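Trainee: Residue numbers for the sequence shown, in the working numbering: 299 to 414.
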Amino acid sequence: MAVLYIADKTVSDDSFLYFRCWLIAQGKTVFENALKSPDSLASVETIEFDVGEGLLYVSDNAFVKKYGKRTDKELPRDVLSSYLDYNFENHFHGEDWEEDDLTERFPELVDRYGLY
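(1) Give me the residue from Cys319, Thr327, Gln324, Glu372 with the minimum Cα distance to Asn359.
(2) Thinking C-alpha only, which one of Phe347, Glu393, Gly366 is nearest Val309?
(3) Taking all protein chains shown into account, decide if Gly366 is buried (16 or more other Cβ within 10 angstroms of its Cβ) or exposed.
(4) Starting from the C-beta of Pro336, find all residues in its chain whose C-beta is less than 8 Å away, skip the five residues before and the five after it, and write them out in chain order.
(5) Quick check on the DSSP output: what are the complete beta strand (DSSP E) runs of length 3 or more inside the stretch 311 to 335, in order along the chain?
(6) With burial defined as no fewer than 16 other Cβ atoms inside 10 Å of the residue's Cβ, what is the status of Ile304: buried or exposed?
(7) Among Glu343, Glu351, Val342, Ser341, which residue has its Cα nearest to the Cα of Phe317?
(8) What is the residue span of the alpha helix (DSSP H) that Ile304 lies within?
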């Protein structure tokens with residue numbers, strides 16, 4: 299969440315979801331490095347988290363191709379949304395941070411994107 303805040307200067311429920319999709323799409327190495335050290339994302343060419351939204355439609359498009367548009371079954375994204383709870387306290391773990399701490403904790407990201 300701090301990486302997104304540094305790169306985009308804001309975080310919303312949707313942008314955080316899209317950022318996570320984008321991060322997964324970067325591949326196993328980038329993903330695992332980011333888990334170990336979020337500051338490693340400073341070396342990724344561009345953090346284009348907003349393109350991650352498109353990944354949410356991949357399963358829906360495959361579903362429609364297989365079953366057609368008329369079906370009594372719910373689309374995968376509709377089913378998934380019933381499990382998404384943006385109450386961060388219950389589902390997301392990590393260290394709390396304050397904006398004043400970001401320069402010290404993520405120096406490479408702040409150097410690249412600034413804070414303001």
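All C-beta atoms in this analysis are idealised placements derived from N, C-alpha and C, irrespective of residue type, glycine included. Keep in mind the model is a prediction, meaning the values are calculated, not measured.
Mentor: Quick look at the numbers:
(1) In this structure, Glu372 is the residue among Cys319, Thr327, Gln324, Glu372 with its C-alpha nearest to the C-alpha of Asn359.
(2) Answer by Cα proximity: Phe347.
(3) Taking all protein chains shown into account, Gly366 has fewer than 16 neighbouring C-beta atoms within 10 Å of its C-beta and is therefore exposed.
(4) These residues qualify, in order along the chain: Ala300, Val301, Phe404, Leu407.
(5) Along the stretch 311 to 335, the beta strand (DSSP E) does not occur as any fully enclosed run of 3 or more residues.
(6) Ile304 should be labelled buried.
(7) The residue among Glu343, Glu351, Val342, Ser341 with its C-alpha nearest the C-alpha of Phe317 is Glu351.
(8) Run containing Ile304: 300 to 306, per the alpha helix (DSSP H) assignment.
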